[in-house]
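Mapping the sequence shown onto my numbering, position 399 (from 1) lands on 423, and the numbers just tick up by one. All remarks here apply to the structure that follows.
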Amino acid sequence: MSSRWHRVIAELNAQGDAARAAAQRVHDVRSEERTTAVAISYVAEADYLRSASTLLHAHLTDRRPPRRLPVARVWPFLRDVWKDRALSRLGGVWRAVPRDAALARMCAAPSAPLLTAVIDQAEALQASLRGDRKANRLYESYIPDHQGSPATGRLGAGRTAPTLPGLPDPGHPLNRAFPRSGATGMRVQPGREDEFAQLRTDRFAVHARALAFGDAVLALLIEHRAEGVSPEPGRLRGAGRWVGREQQLVPDTTKWPTKLNGYQGATLAALSWLVLACTGLPLTFGQRADLLSHYMQLFLAAGLIACTGIALVYRHGPKLITAPGPRAALPGLAAAVLAFTVWQGQGPVADYYFAGPYDRYDRQYADGCLAASPYRHDAVQAMVDDGVLTVTPVEGGTTLRLGPAKDGSTHPLRPIDRATRALLDEYKC
């Protein structure tokens with residue numbers, strides 16, 4: 025057995041232990057952390073299922089196993105959003121279920137008792153997938169029978185609502201979403217109750233079947249790739265590392281209030297203004313630096329700042345408005361002052377660092393060492409030609425030639441000939 029097979033089998037064993045520990049943790053954890061524990065359990069099951077499928081494919085095709093098992097990454101930021109996504113998508117379990125091509129590959133391999141067990145579990149997982157996809161198709165919109173007894177009406181008595189043209193299936197999502205002829209109820213299609221019950225049973229059994237499939241693949245790999253010796257659990261990656269660390273993964277956060285009062289609304293408006301002011305920074309500095317030709321990069325930078333600001337406000341905003349009464353407006357006042365400073369200050373700051381040749385001449389020479397000379401601001405004629413600023417005194421004298429004279433440049437103006445250098449030395453510039 026190669027060392028790589030030994031390592032990946034040990035990692036798969038660790039993922040299986042973590043998935044079972046995560047499932048047990050759901051029942052043991054306190055209620056405030058249960059949703060996080062459920063999310064970890066879902067993702068750990070998906071990691072175990074996905075890794076088992078990957079190693080099984082490598083085993084059946086006689087290829088080297090991957091260096092790293094495929095596991096879902098736990099987002100380093102906005103972990104509460106990651107948790108909600110994992111809960112809504114069952115952690116990716118449905119996407120990790122082996123499809124028909126994988127099942128055909130298993131069936132085409134030489135028969136063996138352990139492989140037969142893997143095939144059985146794969147077929148059970150596909151039954152769970154069919155249950156998830158088809159269970160809702162057995163519902164239908166119906167028109168309740170108002171003339172029967174109340175008890176009968178509550179049991180779904182009535183007639184099936186007419187279907188939309190071209191969609192004869194009463195369980196089609198459009199027929200359920202847009203009921204016709206006054207249909208007000210939703211029920212399982214008559215005569216298909218047993219099929220519906222079986223589909224629901226298969227759908228809810230996916231968690232146990234995912235673990236059973238991973239265990240069957242692990243047993244197969246130990247028999248054929250580890251010489252029948254079960255390795256100790258190896259390095260654990262993915263969601264399994266967070267089992268028992270729910271509070272550390274998704275700390276308790278203050279929720280947004282259902283309805284904002286005036287002070288809270290003012291703070292939220294000030295924070296939004298601050299985000300908007302910061303979003304304009306790349307565009308303002310890009311325009312002053314004569315970088316509008318790179319507009320795509322500037323807009324991407326502005327979009328990144330906007331998304332980051334919105335995420336920070338969403339994540340930390342509730343903490344800033346928890347103070348009672350007018351105190352909830354204090355963070356908004358600070359944000360408004362900062363937003364005003366950024367809004368009004370970004371233009372002058374950009375002009376200072378990316379000044380044009382005329383402004384730069386005034387700043388370096390006309391308002392300084394040449395302020396009392398014939399080269400002061402109101403006594404010269406200036407012109408830019410091919411990156412050279414030519415300054416000619418109205419009363420006559422040596423013409424200054426300075427460079428580089430470019431819009432958006434950060435380089436100071438320097439003399440480019442001896443006559444200009446000698447005159448600037450004369451005025452001790």
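Cβ atoms here follow ideal geometry from the backbone N, Cα and C, with glycine treated the same way. Just so we're clear, the structure is a prediction, and the values are computed from it rather than from any experiment.
Residues near K430 by beta carbon distance below 8 Å, same chain, minus five either side: D314, P381 and G411
For P168 and A207, the rounded distance between their alpha carbons: 7 Å
Contacts around T59, its chain only, beta-carbon distance under 8 Å, and the 5 residues preceding and following it disregarded: K107 and L111
Burial state of N285 (16 or more Cβ within 10 Å): exposed
Residues that L244 bridges to, as DSSP identifies them: DSSP output for L244 lists no bridge partner at all.
Separation of A43 from A325, as counted between CA atoms: 40 Å
L153 and V121 closer than 7 Å at C-beta: yes
Integer Cβ distance of A159 from R249, believed to fall under 8 Å: Going by Cβ atoms, the distance from A159 to R249 rounds to 38 Å, so no, they are not a contact pair.
Cutoff 7 Å; reference S205; Cβ partners in own chain excluding five residues on either side: I167, A185 and P186
Nearest-angstrom Cα separation, counted from R74 out to P355: 46 Å
Beta-carbon proximity list for A274, same chain, < 6 Å, skipping 5 on both sides: Contrary to the premise, residue 274 reads as Val rather than Ala in this sequence. For V274, where only same-chain residues beyond five positions count, the Cβ hits under 6 Å are T60, R103, D104 and K107.
V412 - DSSP class collapsed to helix/strand/coil: strand
P168, DSSP secondary structure in three states: strand
Neighbourhood of L84 by C-beta, 8 Å cutoff - its chain only, sequence neighbours within 5 removed: R129, M130 and A133
Cβ-based burial, G369 [other Cβ within 10 Å; buried from 16]: exposed
Contacting residues, own chain, Cβ-Cβ under 7 Å from G421 (five flanking each side not counted): P398
Y389 classed as buried or exposed, judged by whether at least 16 other C-beta atoms fall within 10 angstroms: buried
L295 classed as buried or exposed, judged by whether at least 16 other C-beta atoms fall within 10 angstroms: buried
Beta-ladder partner(s) of T278, from DSSP: T278 is not bridged to any residue.
Proximity to Q39 [Cα-Cα], best of Y72, R49 and V212: Y72
Same chain only: Cβ atoms within 7 Å of G371, ignoring 5 sequence neighbours per side: T308
Any non-hydrogen atom of the ligand PLP closer than 6 Å to R259 Cβ: The ligand PLP is not part of the structure shown, which contains no ligands of any sort.
Cβ separation of G209 and Y163, assumed to be a contact under 8 Å, to the nearest whole Å: Not quite, the Cβ-Cβ distance comes to about 10 Å (not below 8 Å), so this is no contact.
Integer Cβ distance of D276 from E56, believed to fall under 8 Å: 7 Å
Option nearest R123 by Cα separation, candidates L357, H81 and A301: H81
Length-filtered (3 minimum) beta strand (DSSP E) runs lying within the region 378-426: 404-409 and 412-417
According to DSSP, residues forming a beta bridge with M210: S165
Minimum Cβ-Cβ distance from A374 to chain D less than 7 Å: In the displayed structure, chain D is absent; only one protein chain is listed.
Local Cβ density within 10 Å of W266, reported as buried at 16 or more and exposed below that: buried
Proximal residues to S254 (C-beta, below 8 Å), its chain only, five neighbours per side dropped: N37 and I246
Straight-line gap, F220 to R211 (C-alpha atoms, nearest Å): 11 Å
N- and C-terminal bounds of the beta strand (DSSP E) containing T184: G182 to T184
Three-state secondary structure assigned by DSSP to R442: helix
Cβ shell of R49 (< 6 Å), same chain only, five flanking positions each side left out: A61 and V267
Local Cβ density within 10 Å of P350, reported as buried at 16 or more and exposed below that: exposed
CA-to-CA distance, V373 to L328, given in whole angstroms: 22 Å
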